[in-house]
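One line per chain: the protein sequences are A and B, in this order. So the number in this note's numbering is just where the residue sits in the first sequence, counting from 1, plus 305. So the number in this note's numbering is just where the residue sits in the second sequence, counting from 1, plus 10. All C-beta atoms in this analysis are idealised placements derived from N, C-alpha and C, irrespective of residue type, glycine included.
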Amino acid sequence: MSEQTPVSPPDGETTGEGEQTAETAAEADEGSTTRDSVSTGAESVVAALEQAGAETLFGVQGGAIMPVYDALYDSEELTHVTMAHEQGASHAADAYGIVSGKPGVCLATSGPGATNLVTGLADASMDSDPVIALTGQVPTNFVGNDAFQETDTVGVTQPVTKHSYFAADSDTVGTEVGEAFALAEEGRQGPTLVDLPKDVTQGETDEFPGEPETPDTYNPPNEAEPEAVDSAAAALAEAERPVILAGGGVIKAEASDELRQFATDYEIPVITTMPGIGSFPEDHELSLEWAGMHGTGYANMAITNTDCMLAIGTRFDDRLTGSVETFAPDAEVIHVDIDPAEISKNIEADYPLIGDAKQVLRQLDDAMPVAYEAMDTSPDEYAEWREQCQAWKDEYAMTYDMPEDEPLKPQYVVERFSELADDDAIVTTGVGQHQMWASQFWTFTEPRTWVSSHGLGTMGYGVPSAIGAKIAAPDQEVVCFDGDGSFLMTVQELSVAVREDLDITYVVLNNEAVGMVRQWQDGFYEGRRMASEYPWIPQFDMLAEAFGARGFRLEDPAEVDEIIEKARSYDGPAVVDAIIDPAENVYPMVPSGGDNGLFALNGDQLGDL
Amino acid sequence: MTQGMDGPHPDERMRPEGRRNSQGIRIDPEAEATHQPRKAVLSTLVNHEPGVLAEVSGLFSRRQFNIESLTVGATDDPEVARMTIVIEEPEPGVDQAKKQLEKLVPVISVEELEPEAVQRELVLVKVSGEKPDDVNAVADMYDGNVVDASPEAITVEITGSQQKIEAAVEAFDQFDVQEVVRTGAAAVERGADTLEDTRRKAETISETGETPQTATDD
């Protein structure tokens with residue numbers, strides 16, 4: 306233990322005039338109880354979280370994490386939300402991170418607590434969401450002995466985090482937590498973890514953690530190299546059929562405004578990836594919405610036929626590209642990314658621009674007029690291409706059979722809800738057909754309003770993610786579209802929404818099946834529906850009531866508006882069990898590893914591909 | 011299976027002429043082109059801390075990089091260890107391996123060494139003790155030393171390039187080889203260049219686009 310004194314002077318002990326005196330006085334006036342000293346490792350962990358600006362923690366108590374919880378008992382700045390299951394804690398923290406832009410924090414005990422967090426960490430890792438996990442661990446002298454509730458948490462989580470720390474010392478544990486916080490937030494965002502042995506959190510220390518800082522070895526780039534920007538701008542100016550492909554990185558970098566500015570200045574059509582939904586308004590005339598396996602036909606036509614793609618903050622996931630051999634085969638690719646390892650990982654970048662999306666878009670915006678002049682071209686040259694994109698929008702319009710009678714069409718439920726909801730309503734989802742309908746038929750216009758599990762495709766993401774989203778943005782409407790299969794995986798978190806009195810509307814698009822699996826079985830496995838049909842599921846409206854939420858059953862298309870409004874106006878968690886047409890499938894569809902230009906518009910075309 | 015959307019059939023849609031290969035690289039539509047694997051020697055400085063080897067090796071295994079050898083040892087700085095990693099991958103894989111390594115928090119720097127860098131490996135070969143003179147003679151041919159001998163077994167130590175080690179092990183085959191232990195390659199840049207110089211040179215190239223001349227360039 307060190308004999309170093311706490312960083313901040315004790316109350317009243319101020320020296321002379323100046324800012325420090327004023328600050329101390331202001332704090333005293335507000336009756337602030339900001340912690341300025343610690344006596345245990347656990348208090349140091351809590352102090353580090355407070356210093357980093359954390360507000361809400363999602364977690365589950367347990368033996369090895371108990372010292373940290375005990376230290377939380379006295380924290381005036383941190384609120385803890387007890388979740389029903391650690392997976393729920395990690396998904397809630399993940400959604401909190403997506404909506405607020407600040408890292409979400411989750412806690413769990415050692416062993417099963419820690420392993421239950423892993424799914425959420427893997428999910429955050431795939432989607433570059435900022436999350437910090439704090440896990441209890443058995444005391445250091447038990448580590449490696451297969452002690453009660455011991456797991457090698459660092460070993461288990463290393464592949465799914467930006468970095469996992471094993472805290473070995475009470476004096477440094479607080480600094481490590483601060484470092485984990487900074488690391489989750491800076492550069493390409495992602496999850497980090499600190500494993501906290503019980504003796505380390507119980508141990509005495511008076512080392513007050515410093516400001517959160519990333520390690521010396523971590524130096525994310527900021528601006529792209531000017532020459533590279535100029536070359537990329539020249540390629541765009543010379544192109545005849547340019548598109549912008551905006552990924553989740555645009556939202557993470559807070560670059561949506563710059564994207565709108567850039568796209569409208571030069572009138573370049575914008576396609577988003579699925580995580581990029583909300584980065585560009587879908588009701589804008591330049592928007593082609595999102596591309597990929599279940600993306601719009603027009604986005605996939607444009608992506609296939611473009612000759613120059615400005616891709617920003619996307620990692621070219623296979624659900625987006627289909628076969629890389631047929632992905633944008635004519636296009637010169639300008640790839641903007643803060644992570645150099647994403648450049649040419651899946652799709653070769655002709656013009657790599659390594660840097661922060663917001664900065665690089667500004668750099669490009671400055672370079673474009675010069676490039677047009679040098680090339681003797683202008684955005685007018687793209688007019689024919691813009692008309693072609695508009696023609697595709699008409700040809701491949703997103704439609705479905707309108708329900709006049711039962712059965713109820715899921716697309717209709719989503720579309721009506723989108724009409725009735727607030728403009729800045731946040732949509733979260735589970736994973737499956739319902740997720741695709743929600744993303745296709747809801748009109749997203751703002752960043753951080755689409756919260757979903759993309760890369761990992763985690764069924765069960767819906768119920769807890771809506772909790773995290775609502776806590777991050779209590780003044781915004783939150784609606785969760787879930788499927789019956791996905792809802793059942795984390796339905797216990799409904800108890801948390803009830804306890805916290807969160808005004809969330811859950812809509813279960815109920816087709817008594819894991820519908821996406823069934824769709825694939827019908828399309829690619831000769832209709833052999835092994836283990837995909839769920840005719841034994843509970844009535845979700847009654848289940849909701851059992852949890853203390855309000856439940857609604859929706860079967861009649863004529864009642865859609867009325868029931869949506871009833872659920873919306875209920876002040877607390879409401880569950881709409883929407884019994885949808887079980888025969889309905891998701892289209893368009895690019896078969897896995899297929900050619901984006903050959904999307905199927907219906908089951909017959911799927912069979913032909 | 012007839013429900014769905016309207017619009018032209020896949021056969022009637024506009025098609026581009028271009029093509030990419032399986033590595034996502036745009037290629038001449040007429041030609042078949044993929045990068046062939048090549049050998050790369052990556053020299054990596056890492057924080058000398060517990061778990062760093064697991065982190066590096068875990069990265070290589072989960073990303074399916076074809077690793078030939080990985081050696082690790084202390085440097086003159088007690089805080090820093092140096093890993094020499096030999097991989098065989100097509101060009102995009104080599105590049106990706108470097109960039110993924112650089113992302114790891116305990117990794118300080120990653121450099122690919124020139125093909126002519128000094129590469130050495132140590133092998134211990136244990137053979138039957140029946141023909142000590144012959145074993146000695148073969149060991150001499152490869153500048154090896156007998157480090158242990160008994161009537162039953164003789165152990166020889168040889169250091170050298172990978173090719174030399176392979177040739178030596180083959181030569182010892184005649185003596186009823188009982189065990190072979192190889193360390194994998196350790197490597198260092200030729201001349202006065204150090205990892206630090208290599209890194210600075212790479213930075214200069216990326217900043218100015220020019221290769222700086224140094225006294226050790228040949």
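Under DSSP, Phe-852 (chain A) takes part in no beta bridge, so it has no partner. Following the DSSP letters along the chain, one finds Ser-119 (chain B) inside the beta strand (DSSP E) bounded by residues 117-122. Within chain B, Gln-13, Gly-14, Met-15 have C-beta atoms less than 9 Å from the C-beta of Tyr-892 (chain A), given in sequence order. Using a CB distance cut-off of 8 Å, Ile-95 (chain B) does not count as an interface residue toward chain A.
Just measuring C-alpha positions, the residue of A:Arg-855, A:Gly-597, A:Pro-520, A:Asp-685 sitting nearest Val-56 (chain B) is A:Pro-520.
Here DSSP, grouped into helix, strand and coil, assigns Tyr-470 (chain A) to strand. Distance from Arg-29 (chain B) to Gly-902 (chain A) at the Cβ level is roughly 13 Å; contact not present, criterion being Cβ atoms closer than 8 Å.
Under the three-state reduction of DSSP output, Gly-170 (chain B) falls in the strand class.
Using beta-carbon distances, His-19 (chain B) counts as an interface residue toward chain A, with a partner under 8 Å. Using a CB distance cut-off of 8 Å, Pro-88 (chain B) does not count as an interface residue toward chain A. Taking a beta-carbon distance threshold of 8 Å, His-599 (chain A) does not count as an interface residue toward chain B. Per DSSP, Ala-64 (chain B) is one residue of the alpha helix (DSSP H) stretching across 62-72. Under the criterion of beta carbons closer than 8 Å, Ala-163 (chain B) and Ser-138 (chain B) qualify as touching, at roughly 7 Å.
Residues are counted here when their Cβ sits less than 9 Å from a Cβ of chain A; for the segment 144-161 of chain B the count is zero.
Interface annotation, Gln-106 (chain B): in contact with chain A, CB-CB separation under 8 Å.
The C-alpha of Gly-737 (chain A) lies about 10 Å from the C-alpha of Gly-765 (chain A). Residue state for Gly-425 (chain A) is assigned as helix, using DSSP reduced to three classes.
Residue environment analysis places Tyr-830 (chain A) among the exposed positions, since fewer than 16 neighbouring C-beta atoms fall within 10 angstroms of its C-beta.
Between the alpha carbons of Thr-569 (chain A) and Ser-758 (chain A) lies a gap of roughly 30 Å. The C-beta of Pro-47 (chain B) comes no closer than 8 Å to any C-beta of chain A. Chain A has no Cβ within less than 8 Å of the Cβ of Gly-83 (chain B). If you look at Leu-669 (chain A), you'll find it in the alpha helix (DSSP H) that goes 662-680.
Of the candidates A:Gly-877, A:Asp-861, A:Met-703, A:Gly-877 places its Cα closest to the Cα of Tyr-811 (chain A). Approximately 45 Å separates the beta-carbon atoms of Pro-715 (chain A) and Ala-533 (chain A); this is outside 8 Å, ruling out the contact. By the beta-carbon neighbour count (other beta carbons within 10 angstroms, threshold 16), Phe-453 (chain A) is exposed. As summarised for the segment 602-641 of chain A, the continuous beta strand (DSSP E) elements at least 3 residues long and confined to that stretch are 613-617, given in chain order. At least one CB atom of chain B sits nearer than 8 Å to the CB of Ile-652 (chain A). By the C-beta density criterion, Thr-704 (chain A) is exposed, having fewer than 16 other C-beta atoms within 10 angstroms. Here Ser-770 (chain A) is buried. Its C-beta has 16 or more other C-beta atoms within 10 Å.
Any Cβ of chain A closer than 8 Å to the Cβ of Pro-100 (chain B) would place that residue at the interface, and such an atom is absent. Counting every other CB atom within 10 Å of its CB across the protein chains shown gives Gly-912 (chain A) a total below 16, marking it as exposed. A Cβ-Cβ contact shorter than 8 Å links Val-465 (chain A) with Ser-430 (chain A). The beta-carbon of Ile-118 (chain B) is placed less than 8 Å from the nearest beta-carbon of chain A.
Within the same chain, Cβ atoms closer than 7 Å to the Cβ of Glu-167 (chain B) are found at Leu-132, Leu-134, Gly-154, Asn-155, Val-157, the five residues on either side in sequence being excluded. Taken atom to atom, the span from the alpha-carbon of Ser-344 (chain A) to that of Tyr-374 (chain A) is near 15 Å.
Listed along the chain, the chain A residues whose CB falls inside 7 Å of the CB of Asn-31 (chain B) are Glu-630.
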